[in-house]
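Working notes for the structure below.
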């Protein structure tokens, strides 16, 4: 296996997979690996879900691409399904989460322009991650990711995640704020949740409403059933003005979406934004197929049940060693003692336990299993994690 012609933007693991089915990935020699990461929250319905596969095959044989210069029936159908599930008014389809977030940030700037702002600012959170395009990277907290790219840091105000007082202080100190942009659960930052849970979102919305700011949610990772609701904000009574998503939206097919409602609806007009590949007949039919599957409530109920089973199993076995869990549904963080060396955990899980995981935030194992993972597979996740971690204590 040679990566000679690929830019070295990833530290790739020394393994490749040739096929996948449900919760499992297989190497060329058919060695099975239990996938508790799903491409980082992408294949939420499992690998090669039959309904999604059928949609891809049928549409690829019918019509892949025309242009957004024309009406696209599947785009309209996908938009209706997505907006109804998300409780939003309209959608712009893109190709990735970064593009969706770039659209959201452009909306915030356009909104500010219409309000007469000279150089508006958006409040974002410490430990956040919003993408690697210029605006989304500028909104991202990680200074190492921003280093060398001349990001637009002066356009953002960073505050601690979950700290309402810091938002109120920013409002007092600045008269050029136009929006707040936040992940309901911080994925790359370490599966961080606010101390008061999703009530935090309601408090954020109240502040935004009082100052006439846009309340914008990045649900690229938390959306599409991942937490047991279509979107994580639906665990609260909050309602965003702008909502972005991707990852599980296409179950492996590249697609993203930026949705709007209320004061954000109608900001974009003809010519103000666009995408050559956004919302093609093929991509749109895939989205529609994913939401047909998610419409079966048992899928998201299963995400809640099995996610809780995994968390309880890990705590019951390892809680005495200072291990704790956080998250919602099938978005699970396993927080390990900070003094523990986690540098080899991903490799050991793969090689010793045939388990695919991720470590984020330095000492948090991130699990993003399929929403429809079986109880037997969930039990295996717990067993393999315990076998991986217990010798370290």
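Numbering (my numbering), first residue to last: 217 to 609.
Positions of the beta carbon are idealized from the N, C-alpha and C atoms, including for glycine.
From residue i to residue j, what does the alpha carbon distance come to, in whole angstroms?
{"i": "residue 279", "j": "residue 536", "result": "57 Å"}
{"i": "residue 579", "j": "residue 561", "result": "10 Å"}
{"i": "residue 424", "j": "residue 431", "result": "6 Å"}
{"i": "residue 559", "j": "residue 545", "result": "26 Å"}
{"i": "residue 557", "j": "residue 393", "result": "41 Å"}
{"i": "residue 447", "j": "residue 548", "result": "16 Å"}
{"i": "residue 157", "j": "residue 294", "result": "Any answer about residue 157 is impossible in this case: the structure gives the chain only from 217 up to 609."}
{"i": "residue 494", "j": "residue 471", "result": "7 Å"}
{"i": "residue 465", "j": "residue 264", "result": "14 Å"}
{"i": "residue 463", "j": "residue 318", "result": "15 Å"}
{"i": "residue 241", "j": "residue 361", "result": "30 Å"}
{"i": "residue 316", "j": "residue 473", "result": "5 Å"}
{"i": "residue 374", "j": "residue 357", "result": "8 Å"}
{"i": "residue 550", "j": "residue 334", "result": "44 Å"}
{"i": "residue 529", "j": "residue 403", "result": "22 Å"}
{"i": "residue 442", "j": "residue 603", "result": "26 Å"}
{"i": "residue 407", "j": "residue 607", "result": "24 Å"}
{"i": "residue 359", "j": "residue 233", "result": "32 Å"}
{"i": "residue 230", "j": "residue 563", "result": "9 Å"}
{"i": "residue 310", "j": "residue 324", "result": "17 Å"}
{"i": "residue 500", "j": "residue 289", "result": "9 Å"}
{"i": "residue 414", "j": "residue 449", "result": "7 Å"}
{"i": "residue 199", "j": "residue 292", "result": "This structure gives no information on residue 199, because the portion of the chain shown stretches from 217 to 609."}
{"i": "residue 507", "j": "residue 527", "result": "27 Å"}
{"i": "residue 531", "j": "residue 353", "result": "35 Å"}
{"i": "residue 587", "j": "residue 388", "result": "42 Å"}
{"i": "residue 248", "j": "residue 236", "result": "9 Å"}
{"i": "residue 258", "j": "residue 411", "result": "27 Å"}
{"i": "residue 297", "j": "residue 593", "result": "30 Å"}
{"i": "residue 351", "j": "residue 383", "result": "21 Å"}
{"i": "residue 492", "j": "residue 320", "result": "18 Å"}
{"i": "residue 490", "j": "residue 581", "result": "37 Å"}
{"i": "residue 308", "j": "residue 475", "result": "6 Å"}
{"i": "residue 572", "j": "residue 326", "result": "42 Å"}
{"i": "residue 228", "j": "residue 575", "result": "14 Å"}
{"i": "residue 538", "j": "residue 605", "result": "12 Å"}
State the beta-bridge partners of residue i as determined by DSSP.
{"i": "residue 610", "result": "Nothing about residue 610 can be reported from this structure: the residues present for the chain run from 217 to 609 only."}
{"i": "residue 402", "result": "408"}
{"i": "residue 393", "result": "337"}
{"i": "residue 574", "result": "582"}
{"i": "residue 239", "result": "None; residue 239 has no bridge partner."}
{"i": "residue 541", "result": "550"}
{"i": "residue 431", "result": "396"}
{"i": "residue 249", "result": "241"}
{"i": "residue 263", "result": "238"}
Using the Cβ count rule (16 or more neighbours within 10 Å means buried), how would you classify residue i?
{"i": "residue 391", "result": "exposed"}
{"i": "residue 554", "result": "exposed"}
{"i": "residue 224", "result": "exposed"}
{"i": "residue 251", "result": "buried"}
{"i": "residue 504", "result": "buried"}
{"i": "residue 461", "result": "buried"}
{"i": "residue 377", "result": "buried"}
{"i": "residue 244", "result": "exposed"}
{"i": "residue 385", "result": "exposed"}
{"i": "residue 609", "result": "exposed"}
{"i": "residue 222", "result": "exposed"}
{"i": "residue 457", "result": "buried"}
{"i": "residue 405", "result": "buried"}
{"i": "residue 275", "result": "buried"}
{"i": "residue 220", "result": "exposed"}
{"i": "residue 365", "result": "exposed"}
{"i": "residue 399", "result": "buried"}
**Report entry** Segments of 3+ residues assigned as beta strand (DSSP E) that fall wholly inside the region 452 to 509
**Finding:** 458 to 461 and 472 to 476
Query raised in the report: Are there three or more Cβ pairs, one per stretch, closer than 8 Å when the region 326 to 340 is compared with the region 480 to 488?
Result: yes
Query - the region 589 to 601 / the region 263 to 277 touching (three or more Cβ pairs under 8 Å) - result: no
Query raised in the report: Residue ranges of each beta strand (DSSP E) run of no fewer than 3 residues wholly in the region 304 to 349, ordered along the chain?
Result: 306 to 310 and 337 to 341
Report task. Count the C-beta pairs between the region 369 to 380 and the region 428 to 442 that are closer than 8 Å, then say yes if the count reaches three, no if not. Result -> no
Requested in this report: Report yes or no: do three or more beta-carbon pairs, one from the region 282 to 289 and one from the region 434 to 444, lie closer than 8 Å?
Outcome: no
Requested in this report: Could you pull out every unbroken alpha helix (DSSP H) segment of at least 4 residues lying fully inside the region 354 to 380, listed in chain order?
Outcome: 359 to 362
Query raised in the report: Does the count of Cβ pairs from the region 346 to 354 and the region 507 to 521 closer than 8 Å reach three?
Result: no
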